[in-house]
Amino acid sequence: MNITKSIKTFIFSGIMGLLMSSVCYADAPHSVTALEHAVTAEAHNKLGHTNDVKNHIDQAIKHATESEKAHATAHTHVTEAVKHLQETTKQKDMQHTMSGVYTQVALTQAENSEKAHADAHKHITEALKHLKEAEKHNTAGHKDLVTEHLNQSIEHIESML
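Numbering (mature numbering (1 follows the signal peptide of the UniProt record, and there is no 0)), first residue to last: -26 to -1, 1 to 135.
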């Protein structure tokens, strides 16, 4: 392997390592905002303010949907990165070089990130189901069921943060 290719691989591996260490929190503001709206909807539900409950549930659904999309997209990209990094670590001339070491570290971080995105996607999808159920029950005037579903959605969002 020539020196230019080694340097390029080294730089690429370093950049991937830096990127992979932080991507598992893709679009956290949407998740956090969804959580804030779900909690606020629950507070309004306790006070019997059905219109405010509806508005906050709608906003929670909007932000949870954006978070779900972000985690699905990020998971797809990280999965692709894992495939490329796995191929890179298989190269015999990479195994005992610093580039190989950095690539292995980046691969480990990418695999952790891939799992984090899958888990977050699962939880935000469940939260969305509960938010939509809460919305239906709010329309029907079932205050106790609204509380139940909002609390379950809050638990799912909190577990992914």
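Cβ coordinates follow ideal geometry from the N, Cα and C atoms, glycine included.
Would a C-beta distance cut-off of 7 Å place residue i and residue j closer than the cut-off?
i	j	result
alanine 84	leucine 59	yes
alanine 108	methionine 134	no
To the nearest angstrom, how far is it from the Cα of residue i to the Cα of residue j?
i	j	result
alanine 12	glutamate 40	15 Å
leucine 124	alanine 34	10 Å
histidine 70	threonine 82	17 Å
lysine 117	histidine 37	23 Å
threonine 62	asparagine 86	18 Å
lysine 64	threonine 50	22 Å
proline 3	glutamate 10	10 Å
valine 52	serine 73	20 Å
Tell me, to the nearest whole angstrom, how far the beta carbon of residue i is from that of residue j; I am working on the premise that it is less than 8 Å.
i	j	result
histidine 30	alanine 15	4 Å
isoleucine 98	serine 5	7 Å
I need the boundaries of the alpha helix (DSSP H) containing residue i, first residue and last residue.
i	result
leucine 105	72 to 114
leucine 135	Taken as a continuous stretch (DSSP letters only), leucine 135 belongs to no alpha helix (DSSP H), as it is neither H nor E.
Contiguous alpha helix (DSSP H) assignments of at least 4 residues, all confined to the stretch 14 to 73: 24 to 64
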